[in-house]
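Peer 1: If you read the sequence shown in our numbering, its first letter stands for residue 135, the second for the next number, and so on.
Here a beta-carbon is modelled for each residue, glycine too, at the ideal position from N, C-alpha and C.
I'd like to ask you about the structure that follows.
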Amino acid sequence: MGERPDKDSAADGPIPADLGQAGSVIDHAIQFLMEKQVDELSIASALLGGALGLLSQTLNEAAIEAILNNAIAGVRAGHLRPPTGG
(Lines of atoms letter the chains of each structure in order from A and count residues from 1; the text may use other names and numbers.)
(Lines give C-alpha, C1' and ligand atoms only; values in the text may rest on other atoms or scores of the structure.)
Protein backbone atom coordinates (compact mmCIF):
# COMPACT_ATOMS: atom_id res chain seq x y z
CA MET A 1 0.00 0.00 0.00
CA GLY A 2 1.05 3.62 -0.51
CA GLU A 3 2.16 6.06 2.11
CA ARG A 4 -0.51 7.51 4.35
CA PRO A 5 -0.84 11.27 4.65
CA ASP A 6 0.09 12.91 7.92
CA LYS A 7 -2.91 12.84 10.24
CA ASP A 8 -2.74 16.65 10.47
CA SER A 9 -2.71 17.28 6.71
CA ALA A 10 -5.62 17.72 4.36
CA ALA A 11 -5.76 16.72 0.70
CA ASP A 12 -3.07 19.19 -0.38
CA GLY A 13 -0.29 16.69 -1.08
CA PRO A 14 0.71 14.86 -4.24
CA ILE A 15 -1.87 12.70 -6.02
CA PRO A 16 -1.39 9.03 -5.07
CA ALA A 17 -0.39 6.72 -7.93
CA ASP A 18 -3.20 4.29 -7.12
CA LEU A 19 -5.95 6.94 -7.29
CA GLY A 20 -6.87 5.93 -10.86
CA GLN A 21 -7.27 2.30 -9.84
CA ALA A 22 -9.42 3.21 -6.86
CA GLY A 23 -11.54 5.53 -9.01
CA SER A 24 -12.06 2.82 -11.61
CA VAL A 25 -13.24 0.32 -9.00
CA ILE A 26 -15.67 2.87 -7.57
CA ASP A 27 -16.96 3.74 -11.06
CA HIS A 28 -17.62 0.04 -11.74
CA ALA A 29 -19.38 -0.37 -8.38
CA ILE A 30 -21.61 2.62 -9.13
CA GLN A 31 -22.44 1.25 -12.58
CA PHE A 32 -23.25 -2.17 -11.07
CA LEU A 33 -25.59 -0.61 -8.50
CA MET A 34 -27.26 1.55 -11.16
CA GLU A 35 -27.87 -1.57 -13.26
CA LYS A 36 -29.48 -3.15 -10.17
CA GLN A 37 -31.71 -0.05 -10.07
CA VAL A 38 -30.48 1.11 -6.67
CA ASP A 39 -31.57 4.71 -6.09
CA GLU A 40 -28.90 7.29 -6.97
CA LEU A 41 -29.27 9.08 -3.63
CA SER A 42 -28.79 5.78 -1.79
CA ILE A 43 -25.63 5.05 -3.77
CA ALA A 44 -24.23 8.53 -3.23
CA SER A 45 -25.07 8.50 0.49
CA ALA A 46 -23.42 5.11 0.97
CA LEU A 47 -20.30 6.25 -0.89
CA LEU A 48 -20.08 9.47 1.12
CA GLY A 49 -20.56 7.63 4.41
CA GLY A 50 -17.94 5.06 3.48
CA ALA A 51 -15.51 7.76 2.39
CA LEU A 52 -15.95 9.70 5.63
CA GLY A 53 -15.45 6.52 7.64
CA LEU A 54 -12.24 5.77 5.77
CA LEU A 55 -10.98 9.33 6.17
CA SER A 56 -11.67 9.16 9.91
CA GLN A 57 -9.24 6.24 10.15
CA THR A 58 -6.37 8.25 8.66
CA LEU A 59 -7.03 11.95 9.30
CA ASN A 60 -7.97 14.09 12.27
CA GLU A 61 -11.27 15.95 12.45
CA ALA A 62 -9.75 19.29 11.39
CA ALA A 63 -8.35 17.74 8.20
CA ILE A 64 -11.69 16.10 7.39
CA GLU A 65 -13.46 19.39 8.02
CA ALA A 66 -11.04 21.14 5.63
CA ILE A 67 -11.80 18.56 2.93
CA LEU A 68 -15.54 19.00 3.44
CA ASN A 69 -15.23 22.80 3.40
CA ASN A 70 -13.31 22.56 0.14
CA ALA A 71 -16.10 20.41 -1.30
CA ILE A 72 -18.74 22.89 -0.13
CA ALA A 73 -16.79 25.75 -1.73
CA GLY A 74 -16.70 23.81 -5.00
CA VAL A 75 -20.47 23.28 -4.91
CA ARG A 76 -21.06 26.97 -4.18
CA ALA A 77 -18.71 27.93 -7.02
CA GLY A 78 -20.74 25.84 -9.44
CA HIS A 79 -18.12 23.15 -10.08
CA LEU A 80 -20.80 20.44 -10.07
CA ARG A 81 -23.08 22.17 -12.56
CA PRO A 82 -23.07 20.74 -16.07
CA PRO A 83 -21.26 22.93 -18.59
CA THR A 84 -23.48 25.17 -20.66
CA GLY A 85 -23.32 25.03 -24.43
CA GLY A 86 -22.19 28.09 -26.20
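Got a sec? Which residues, its chain only, sit under 8 Å from residue 208 by beta carbon, not counting five neighbours each side?
Peer 2: For the purposes of this step, residue 208 is taken as residue 74 along the sequence shown, with counting starting at 1. Only 214 meet the Cβ criterion.
Peer 1: Return yes when the Cβ of residue 198 is within less than 8 Å of the Cβ of residue 188, no when it is not.
Peer 2: Within the sequence shown, numbered from 1, the residue matching residue 188 stands at position 54. Within the sequence shown, numbered from 1, the residue matching residue 198 stands at position 64. The answer is no: Cβ separation not under 8 Å.
Peer 1: Report buried or exposed for residue 193, applying the criterion of at least 16 other Cβ atoms within 10 angstroms of its Cβ.
Peer 2: Along the sequence shown, read from residue 1 onward, the residue named residue 193 stands at position 59. So residue 193 counts as buried.
Peer 1: Could you check the C-alpha separation between residue 180 and residue 205 for me, to the nearest Å?
Peer 2: Looking up residue 180 in the sequence shown gives position 46. Looking up residue 205 in the sequence shown gives position 71. Rounded to the nearest angstrom, the two C-alpha atoms are 17 Å apart.
Peer 1: I need the DSSP call for residue 171, collapsed to helix, strand or coil.
Peer 2: Within the sequence shown, numbered from 1, the residue matching residue 171 stands at position 37. Note: residue 171 maps to coil in three-state DSSP.
Peer 1: Relative to the C-alpha of residue 186, which residue among 201, 172, 169, 173 is closest?
Peer 2: Counting from one through the sequence shown, the residue named residue 186 turns up at place 52. Minimum Cα distance to residue 186 is reached at 201.
Peer 1: In angstroms, rounded to a whole number, what distance separates the CA positions of residue 171 and residue 196?
Peer 2: Position 37 of the sequence shown, counted from the start, is the residue given in the question as residue 171. Position 62 of the sequence shown, counted from the start, is the residue given in the question as residue 196. Straight-line Cα distance between these residues: approximately 36 Å.
Peer 1: What is the residue span of the alpha helix (DSSP H) that residue 202 lies within?
Peer 2: On the sequence shown, residue 202 is found 68 positions in, with the first residue counted as 1. That run of the alpha helix (DSSP H) goes 195 to 210.
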